[in-house]
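Student:
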Amino acid sequence: MAKEYKLSAERLAALQEEMTYLKTVREKEVADQIKEARSFGDLSENSEYDEAKNEQGKLYSRIAELEDILSNYVVIEEHNEDPNSVRIGSRVKVLDLEFNEEETYELVGSQEADPMNGRISEDSPFGKALLGKHVDEEVQVEAPAGMLHYKVLDIQKI
0 MAKEYKLSAE RLAALQEEMT YLKTVREKEV ADQIKEARSF GDLSENSEYD
50 EAKNEQGKLY SRIAELEDIL SNYVVIEEHN EDPNSVRIGS RVKVLDLEFN
100 EEETYELVGS QEADPMNGRI SEDSPFGKAL LGKHVDEEVQ VEAPAGMLHY
150 KVLDIQKI
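Right, here's the structure in full:
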């Protein structure tokens with residue numbers, strides 16, 4: 000069974016736009032690069048040709064990746080069942096109980112994750128631990144450094 004990708008409507012639109020660009024504009028640019036590099040003669044010692052072929056490989060790899068995502072996605076929808084619990088699309092302020100530091104994270108689908116900027120995937124251990132939690136609940140996350148303990152301080156819709 001194929002992996003299901005959870006995307007926001009904005010992320011879906013961005014991926015569809017990227018796919019269109021890659022298949023129309025970028026594919027033609029790479030084909031032109033290969034054509035020009037071939038005109039330089041001997042392909043066995045033609046670094047421009049090798050570079051253009053590598054670029055073509057990267058392009059087709061990205062197109063294949065996007066096709067997989069776009070054929071197996073689910074749009075994250077707003078859930079009104081329990082608006083006070085953590086879910087995908089929540090901004091969560093937590094207190095690190097060990098260091099007494101407040102941190103804020105956004106819980107997003109795996110294709111939108113950017114941990115360095117506070118956007119964590121619902122598939123990550125921390126994301127899984129936060130799902131369904133409410134304000135004032137404690138969260139335990141098993142990490143390579145040991146068990147981490149947090150307290151949920153605030154939940155907002157992104």
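FYI, numbering that gives the first Met the number 0 numbers position 24 of the sequence shown as 23, with every residue one higher than the one before it. Using N, Cα and C, we set each Cβ at its ideal position, and we do this for glycine too.
Which residue or residues does DSSP assign as beta-bridge partners of Thr103?
Tutor: Beta-bridge partners of Thr103 (DSSP): Lys92.
Student: By a C-beta neighbour count over all protein chains shown, 10 Å radius and 16 as the cutoff for buried, is Ala51 buried or exposed?
Tutor: buried
Student: Terminal residues of the continuous beta strand (DSSP E) containing Gln226?
Tutor: Outside the shown range of the chain, which is 0 to 157, sits residue 226, and nothing can be said about it.
Student: Quick check: the Cα distance between Glu28 and Phe125, rounded to an integer number of angstroms?
Tutor: 42 Å
Student: For Tyr48 and Ile33, I'd like the C-alpha separation in whole angstroms.
Tutor: 6 Å
Student: Report all residues from its chain with a CB closer than 8 Å to the CB of Leu65; omit the five preceding and five following residues, and keep chain order.
Tutor: Leu14, Glu17, Met18, Leu21
Student: Could you check which residue in Asp153, Ala12, Tyr104 has the C-alpha nearest to that of Met115?
Tutor: Checking every option, the nearest Cα to that of Met115 belongs to Tyr104.
Student: Tell me the rounded alpha-carbon separation between Arg75 and Glu26.
Tutor: Position check: residue 75 holds Ile in this sequence, whereas Arg was assumed. Computed Cα separation, rounded: 31 Å.
Student: Is the beta carbon of Lys132 sitting closer than 7 Å to the one on Val140?
Tutor: Their beta carbons are not under 7 Å apart, which means Lys132 does not touch Val140 by this criterion.
Student: By how many angstroms is the C-alpha of Tyr4 removed from the C-alpha of Ala63?
Tutor: 15 Å
Student: Could you say which of Tyr149, Ile154, Ala112 lies nearest to Leu96 if we only look at CA atoms?
Tutor: Tyr149
Student: State the DSSP-derived secondary structure class of Ile68, mapped to helix, strand or coil.
Tutor: helix
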